[in-house]
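*Asks:*
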Amino acid sequence: MPAGSGAPHLILAGGGHAHLHTLLRLGELTGRGTAVTLVTPDRFHYYSGMGPGMLGGRYRPEEIRIDVQRLAERGGASCALAPAVGLDPLARQLRLADGTTLSYDILSLNIGSIVSAHPFPTDRIIPVKPIVNLAVARERLQALARSAPPCVLVAGGGAAGIEIAGNVRRLLGSRGKVTLITSGNLLHHFPPRARRLVLKAFGENDIEIREGVRVEQWLDGGAILSDGRTVSWDVALVATGVKAPALLQKCGLPLAPDGTLLVDPYLRSTGAPEVFGGGDCITPSGAPLPRVGVHAVRQGPILFRNIQAQLMGGDPVPFRPRRNFLQLLNLGDDTALFVRSGLVWRGRLALLLKDHIDRRFVERFAG
Numbered sequence: 001m002p003a004g005s006g007a008p009h010l011i012l013a014g015g016g017h018a019h020l021h022t023l024l025r026l027g028e029l030t031g032r033g034t035a036v037t038l039v040t041p042d043r044f045h046y047y048s049g050m051g052p053g054m055l056g057g058r059y060r061p062e063e064i065r066i067d068v069q070r071l072a073e074r075g076g077a078s079c080a081l082a083p084a085v086g087l088d089p090l091a092r093q094l095r096l097a098d099g100t101t102l103s104y105d106i107l108s109l110n111i112g113s114i115v116s117a118h119p120f121p122t123d124r125i126i127p128v129k130p131i132v133n134l135a136v137a138r139e140r141l142q143a144l145a146r147s148a149p150p151c152v153l154v155a156g157g158g159a160a161g162i163e164i165a166g167n168v169r170r171l172l173g174s175r176g177k178v179t180l181i182t183s184g185n186l187l188h189h190f191p192p193r194a195r196r197l198v199l200k201a202f203g204e205n206d207i208e209i210r211e212g213v214r215v216e217q218w219l220d221g222g223a224i225l226s227d228g229r230t231v232s233w234d235v236a237l238v239a240t241g242v243k244a245p246a247l248l249q250k251c252g253l254p255l256a257p258d259g260t261l262l263v264d265p266y267l268r269s270t271g272a273p274e275v276f277g278g279g280d281c282i283t284p285s286g287a288p289l290p291r292v293g294v295h296a297v298r299q300g301p302i303l304f305r306n307i308q309a310q311l312m313g314g315d316p317v318p319f320r321p322r323r324n325f326l327q328l329l330n331l332g333d334d335t336a337l338f339v340r341s342g343l344v345w346r347g348r349l350a351l352l353l354k355d356h357i358d359r360r361f362v363e364r365f366a367g
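Residue numbers for the sequence shown follow full-length UniProt numbering, beginning at 1 and rising by one.
(1) Shorter than 9 Å from the beta carbon of CYS281 to some beta carbon of chain B?
(2) Is it buried or exposed for ASN324, if we count other Cβ within 10 angstroms and need 16 for buried?
(3) Could you tell me if ASP220 is buried or exposed, where buried requires 16 or more neighbouring beta carbons within 10 angstroms of its beta carbon?
(4) Here's a check: name, in chain order, each residue in its chain whose Cβ is nearer than 7 Å to the Cβ of GLY16, leaving out the five neighbours to either side.
(5) Quick check on GLY4: buried or exposed, where buried means 16 or more other Cβ atoms within 10 Å of its Cβ?
(6) Buried or exposed: where does MET312 fall if 16 or more other Cβ atoms within 10 Å of its Cβ makes it buried?
(7) In the structure shown, what three-state DSSP assignment does SER147 receive?
(8) According to DSSP, what are the bridge partners of TYR46?
(9) Below 8 Å on the Cβ atoms is my contact criterion, and I expect ILE126 with ALA287 to pass it. Report the Cβ-Cβ distance as a whole number of Å.
(10) What residue does the alpha helix (DSSP H) around ILE164 start on, and which one ends it?
(11) Specify the secondary structure class of ASP358 as computed by DSSP and reduced to three states.
(12) Pull up the CB-CB distance for THR260 and LEU248, whole angstroms please, since I reckon it's below 8 Å.
(13) Whole angstroms are fine: how far does the CA of LEU172 sit from the CA of PHE202?
(14) Can you tell me whether DSSP reads GLU274 as helix, strand or coil?
(15) Taking 8 Å as the cut-off, does the segment 157-167 touch the segment 205-213 (at least 3 CB pairs, one atom from each stretch)?
(16) What first and last residue would you give for the alpha helix (DSSP H) that runs through LYS177?
(17) Between the beta-carbon of MET54 and the beta-carbon of ALA135, is there less than 9 Å?
(18) How far does the alpha helix (DSSP H) with VAL198 in it reach, from first residue to last?
(19) Rounded to the nearest angstrom, what separates PRO290 and ILE11 at their Cα positions?
(20) Taking buried to mean at least 16 other C-beta atoms within 10 Å of its own C-beta, is PRO284 buried or exposed?
(21) According to DSSP, what are the bridge partners of LYS250?
(22) Would the segment 73-87 and the segment 22-29 be scored as touching if the rule is three or more Cβ pairs under 8 Å?
(23) Can you find the residues in the same chain that come closer than 7 Å, C-beta to C-beta, to ILE131, ignoring five residues on each side of it along the sequence?
(24) Relative to the alpha-carbon of ASP355, which residue among ASP234, ASP98 and GLU63 has its alpha-carbon at the smallest distance?
(25) Please classify GLY57 as buried or exposed, where buried requires at least 16 neighbouring CB atoms within 10 angstroms.
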């Protein structure tokens with residue numbers, strides 16, 4: 001419903017982690033006269049915490065996805081299945097890839113991020129975001145493995161790269177070659193023991209690691225590295241740094257240096273209080289956060305409460321990020337890495353804990 005035509009109109013752009021709580025409680029908004037539209041390029045949201053496990057064959061694609069269109073419609077909202085490509089905050093309008101223009105009273109952005117090096121010269125180079133790309137990678141690797149053992153290159157030595165490399169090895173078994181490259185040390189933001197445990201695990205599972213090198217140029221079937229060497233591959237998976245979606249770059253709202261939306265403690269744009277945001281596409285003013293899913297999940301209830309307060313009156317509440325949060329990395333060999341503060345260990349129990357937490361999260365929204 002257009003802004004100013006009666007009922008206030010809330011647009012949720014993106015169906016990611018930070019919007020799931022609002023989607024689950026939409027009836028509390030639509031039941032009191034708010035028109036809501038979910039704008040998303042796909043009816044399914046793939047849960048990133050289980051993405052590497054899907055790649056490795058632990059989960060089927062349908063086990064890790066949430067039908068956000070169904071959630072929206074069940075809560076009385078409409079759904080526009082198209083990417084958002086333009087934002088005019090002065091006119092309060094969002095433009096979609098299909099040519100539709102939607103007016104809003106309140107807009108909330110949860111549009112994620114994209115891999116910094118994208119686009120690539122060939123579709124055999126697969127960025128790990130969006131997570132559905134990992135289902136494509138799985139099918140491609142399985143097809144290649146039927147004829148010859150494939151060579152796989154994983155670029156990125158953070159948590160995502162570690163999980164991807166380990167689960168590529170799980171998918172291929174003992175066949176093929178898996179190489180991980182990283183411009184620094186593995187897991188350089190983690191305690192040193194985390195790196196040592198991953199090096200040990202990857203040594204046991206025949207995953208080659210090259211630290212201190214980066215890709216200078218992507219080729220079709222190869223990559224020129226910063227040390228002058230060239231590495232060949234059949235499939236490359238890119239889990240390097242991320243950047244903000246193009247939608248934000250020309251919108252005129254205040255942005256952080258990395259192009260993400262600058263928000264106040266209440267997750268509102270610092271330049272437009274009717275624009276909210278959560279997840280990878282935002283940066284809290286004065287307090288940048290690492291791009292990890294736990295923050296987006298915890299922003300969800302705050303976003304809902306503050307959107308509700310703006311629509312119906314009430315005081316907003318600030319988002320207070322948890323600094324000491326649990327991280328569990330699926331290493332692909334039926335173990336996981338457990339990291340919380342200074343406690344770091346690897347084992348099967350850690351993977352069982354991760355599986356329990358992840359399944360419970362998806363079931364909450366998909367049930």
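In this text, a Cβ means the ideal position worked out from N, Cα and C, and glycines have one as well.
*Replies:* In short:
(1) Here there is only one protein chain, and chain B is not present.
(2) exposed
(3) exposed
(4) HIS45, ASN110, GLY112, GLY279 and ALA296
(5) Because GLY4 carries a pLDDT of 46, less than 50, the predicted location of this residue cannot be relied on, and no value is offered for it.
(6) MET312 comes out exposed.
(7) coil
(8) According to DSSP, TYR46 bridges with ARG65.
(9) Not quite, the Cβ-Cβ distance comes to about 33 Å (not below 8 Å), so this is no contact.
(10) 159-172
(11) helix
(12) The C-beta distance from THR260 to LEU248 rounds to 7 Å, short enough to meet the 8 Å contact threshold.
(13) 14 Å
(14) coil
(15) yes
(16) Counting along the chain, LYS177 falls outside any alpha helix (DSSP H), though it belongs to the beta strand (DSSP E) covering 177-182.
(17) yes
(18) 192-204
(19) 26 Å
(20) Taking a 10 Å sphere around the C-beta of PRO284, we find 16 or more other C-beta atoms and assign the residue as buried.
(21) The partner list for LYS250 (beta bridge, DSSP) is empty, contrary to what the question assumes.
(22) yes
(23) TYR46, SER48 and GLY51
(24) GLU63
(25) exposed
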